[in-house]
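Enquirer:
2 protein chains.
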Amino acid sequence: MNEHVIPLDAEAHAVERPEDHHDDLRLWLRLLTCTTLIEGEIRRRLRDSFDVTLPRFDLMAQLDKAPDGLTLSELSKRMMVSNGNVTGLVERLVESGHLVRETSKTDRRAQVIRLTPLGRAEFRAMAEEHEGWIAEMFCELTPREREDLMRLLAKTKMSTRRAIEGARP
Amino acid sequence: MNEHVIPLDAEAHAVERPEDHHDDLRLWLRLLTCTTLIEGEIRRRLRDSFDVTLPRFDLMAQLDKAPDGLTLSELSKRMMVSNGNVTGLVERLVESGHLVRETSKTDRRAQVIRLTPLGRAEFRAMAEEHEGWIAEMFCELTPREREDLMRLLAKTKMSTRRAIEGARP
DNA sequence: TCTGGATATTTTAAGTTTAAAATAACTCGA
DNA sequence: TCGAGTTATTTTAAACTTAAAATATCCAGA
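As they're listed, the protein sequences go chains E and L.
So in our numbering, the last spot in the first sequence is 244, and the numbers never skip.
So in our numbering, the last spot in the second sequence is 244, and the numbers never skip.
1. Using a Cβ cut-off of 8 Å (strictly closer), state whether PHE213(L) contacts chain E.
2. Against chain L, which members of the region 181–201 of chain E pass a CB distance test of less than 9 Å?
3. For LEU112(L), decide whether its Cβ has a neighbour in chain E, counting only Cβ atoms nearer than 8 Å.
4. Along the region 148–159 of chain E, where does the CB come closer than 7 Å to a CB of chain L? Name the residues.
5. Can you say whether HIS97(E) is buried or exposed, counting buried as having 16 or more other CB atoms within 10 angstroms of its CB?
6. Taking Cβ to Cβ, would you say LYS230(L) is nearer than 8 Å to GLU220(E)?
7. Here's a check: name, in chain order, each residue in its chain whose Cβ is nearer than 7 Å to the Cβ of PRO130(E), leaving out the five neighbours to either side.
8. In three-state terms, what does DSSP make of ARG243(L)?
9. What do you get for SER157(L), buried or exposed, if any count of 16 or more other CB atoms within 10 angstroms of its CB means buried?
10. If you measure from the beta carbon of GLU240(L) to each beta carbon in chain E, is any gap under 8 Å?
11. For chain L, is any of its Cβ atoms less than 8 Å away from the one on ALA141(E)?
12. What does MET233(E) touch in chain L if you count any residue whose Cβ is under 7 Å from its own?
13. Once the 5 residues before and after LEU193(L) are set aside, which same chain residues still bring their CB inside 7 Å of it?
14. What residues in its chain sit with their C-beta under 6 Å from that of GLY144(L), if we drop five residues either side in the sequence?
15. My output table needs one value for ALA85(L): the three-state DSSP class, helix, strand or coil.
16. Would ALA242(L) be called buried (16 or more neighbouring beta carbons within 10 Å of its own) or exposed?
17. Quick check on VAL187(E): does DSSP put it in helix, strand or coil?
18. Rank LEU112(L), GLU177(L) and ARG120(L) by C-alpha distance to the C-alpha of GLU203(L) and give the top, closest one.
19. If contacts are defined as beta-carbon pairs under 8 Å, then SER234(L) and GLU215(E) qualify, I think. What distance do you get, rounded to the angstrom?
20. Just grab the DSSP bridge partners of VAL177(L) for me.
21. Label ALA104(E) either buried or exposed according to how many other C-beta atoms from any shown protein chain fall within 10 Å of its C-beta, with 16 as the threshold for buried.
22. For ASP126(L), decide whether its Cβ has a neighbour in chain E, counting only Cβ atoms nearer than 8 Å.
23. Are LEU100(E) and LEU227(L) closer than 8 Å when you measure CB to CB?
24. Would THR110(E) and LEU134(L) be called neighbours here (beta carbons separated by less than 8 Å)?
25. Kindly indicate which three-state DSSP category LEU274(L) falls into: helix, strand or coil?
26. How long is the line joining the alpha carbons of LEU168(L) and ASP139(L), rounded to whole angstroms?
27. Return the chain-ordered list of same chain residues with a C-beta closer than 8 Å to the C-beta of LEU150(L), the five sequence neighbours on each side being excluded.
28. Determine whether the Cβ of MET135(L) lies closer than 8 Å to any Cβ atom of chain E.
29. If the criterion is Cβ atoms closer than 8 Å, does the pair GLU211(E) and ALA238(L) meet it?
30. Among ASP95(L), GLU197(L) and GLY159(L), whose alpha-carbon lies nearest the alpha-carbon of ASP126(L)?
31. Going by DSSP, what residue range makes up the alpha helix (DSSP H) through HIS97(E)?
32. Does any CB atom of chain L fall closer than 8 Å to the CB of GLU220(E)?
33. Can you name the residues of chain L whose CB is closer than 8 Å to the CB of VAL105(E)?
34. Check whether the Cβ atoms of LEU112(L) and LEU102(E) sit closer than 8 Å, and answer yes or no.
35. ASP99(E) CB to nearest chain L CB: under 8 Å?
36. Count the other CB atoms within 10 Å of the CB of GLU94(L); is the residue buried (16 or more) or exposed (fewer)?
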């Protein structure tokens, strides 16, 4: 008897006390763990296989997608890091012969950054390996699951952007 | 005419050339973007509201969950950062009166780290706000979507762990 | 007991990262 | 043209982060 009685706190997942956001916190921690795990492994493999750091790889990836080059501001916006950070990264990559910088013809404040042929060649070689590594990380997800995850992350991104917008308009 | 002809590369999503992992790469970049967005905003709010850095908050969060304290190794494993990193963070948090460290009674190599009453009080105050901020970021997702995302991230985590295990046993 | 290997932590050097202040150049309206 | 406000970049100081080497301690077996 009584096996059909619905307890007051049935469906624990749906219980919502005011201000009870533990599940969201767990969701965030899991998101963070996934990213940290993948990022750490990619960092390790880039170092072991190509002796390059992840920030440098990321910066070159942005430039590879922009054949006409990018300004430092544009780079820092796309990489979501500070301006000063990009200044230092570019400095070291110019030093090592992977990038060139020239003053914009239309705006003397702006520097246009480009990959050198060496930089592009090295990046392309790394990128091919890198893409395989990433596929490896997701290999246990079905195509359907990957689509779902993509969609849910897109929604999370939009939700977060609006939360940020709302807080600092 | 011909509008019903199915082109050779119909259903772009299903087209799978050998070694074509662009979708996985996009999935990874989206995951990274979400994490970076949220992390950046949390960092900003912690600074503005409590004048604390994110790494310090994260470290205190680990200790708050472990009433008996943790060793530096245990901390670095849980935070997924290097040992040396934790050494420095703990040093500064002891300096500011938020942590205490004592040598383990059973292993003279190990330091047990604990929150001080001050550290715990300050952390609890921050954590309450923090939880609300996180909920804000996810607020446009339905409960069902949050569950799905949680599940998919769990699967991603497992998939990644095995990829890492497989590469360096 | 002694010793080799494992574990816990610290140190070191180099690089990354941020926030904030400083510098320089642009824009646009009075 | 002048000047206020904006934008692009650099500089600065402090903190964070990693990988690798160095120390110190533990542990298990000969």
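Glycine included, every Cβ here is placed at the ideal spot set by N, Cα and C.
Expert: Put simply:
1. Contact of PHE213(L) with chain E is assigned, a C-beta pair being separated by under 8 Å.
2. Across the region 181–201 of chain E, no CB contact with chain L closer than 9 Å is found for any residue.
3. With 8 Å as the cut-off, LEU112(L) counts as an interface residue toward chain E.
4. When CB distances to chain L are screened at a threshold of 7 Å, the residues of the region 148–159 of chain E falling below it are MET155, in chain order.
5. By the neighbour-count rule (16 or more Cβ atoms within 10 Å), HIS97(E) is not buried but exposed.
6. Contact flag set, yes.
7. Answer for PRO130(E): LEU164, listed in chain order.
8. Of the three classes helix, strand and coil, the one that applies to ARG243(L) here is coil, per DSSP.
9. Exposed: under 16 other Cβ atoms inside 10 Å.
10. Interface criterion not met: the Cβ of GLU240(L) is under 8 Å from no Cβ in chain E.
11. Using a CB distance cut-off of 8 Å, ALA141(E) does not count as an interface residue toward chain L.
12. Simply GLU215.
13. Setting aside the 5 residues that flank it on each side, LEU193(L) is surrounded in the same chain by GLY172 and HIS173, each with a C-beta closer than 7 Å to its C-beta; the list follows chain order.
14. Beyond the five residues adjoining it in sequence on each side, GLY144(L) comes within less than 6 Å, by CB distance, of VAL187, ILE188 and ARG189 in the same chain, given in chain order.
15. Per-residue confidence for ALA85(L) stands at a pLDDT of 43, beneath the threshold of 50, marking its modelled position as unreliable; no derived number is given.
16. It is exposed - the Cβ of ALA242(L) has fewer than 16 other Cβ atoms within 10 Å.
17. Under the three-state reduction of DSSP output, VAL187(E) falls in the strand class.
18. Out of LEU112(L), GLU177(L) and ARG120(L), the CA that lies nearest to the CA of GLU203(L) is found in ARG120(L).
19. Your pair SER234(L) and GLU215(E) checks out as a contact, with CB atoms roughly 4 Å apart and the cut at 8 Å.
20. Looking at the sequence shown, residue 177(L) is not Val but Glu. Beta-bridge pairing links GLU177(L) to VAL187(L).
21. As written in the sequence, residue 104(E) is Leu, which differs from the Ala given in the question. Per the 10 Å Cβ criterion, exposed.
22. Chain E contact via Cβ: absent.
23. Result no, Cβ atoms of LEU100(E) and LEU227(L) do not sit closer than 8 Å.
24. Remark: C-beta atoms of THR110(E) and LEU134(L) do not approach each other more closely than 8 Å.
25. Residue 274(L) lies beyond the residue range present for chain L, which begins at 76 and ends at 244; the question has no answer from this structure.
26. Their Cα atoms are separated by approximately 14 Å.
27. LEU134, GLN137, LEU138, VAL161, VAL165 and ILE188, listed in sequence order.
28. Chain E, which has no Cβ nearer than 8 Å to the Cβ of MET135(L), makes this no.
29. Going by C-beta atoms, GLU211(E) is nearer than 8 Å to ALA238(L).
30. Comparing Cα-Cα distances from ASP126(L) to each of ASP95(L), GLU197(L) and GLY159(L), the minimum goes to GLU197(L).
31. Start and end: 97–125.
32. At least one chain L Cβ lies under 8 Å of GLU220(E).
33. One detail in the question is off: residue 105(E) reads as Arg in this sequence, not Val. Within 8 Å Cβ-Cβ: MET225, LEU228, ALA229 and LYS232.
34. Result no, Cβ atoms of LEU112(L) and LEU102(E) do not sit closer than 8 Å.
35. Answer yes: the Cβ-Cβ gap between ASP99(E) and chain L drops below 8 Å somewhere.
36. With fewer than 16 other beta carbons inside 10 angstroms of its own, GLU94(L) counts as exposed.
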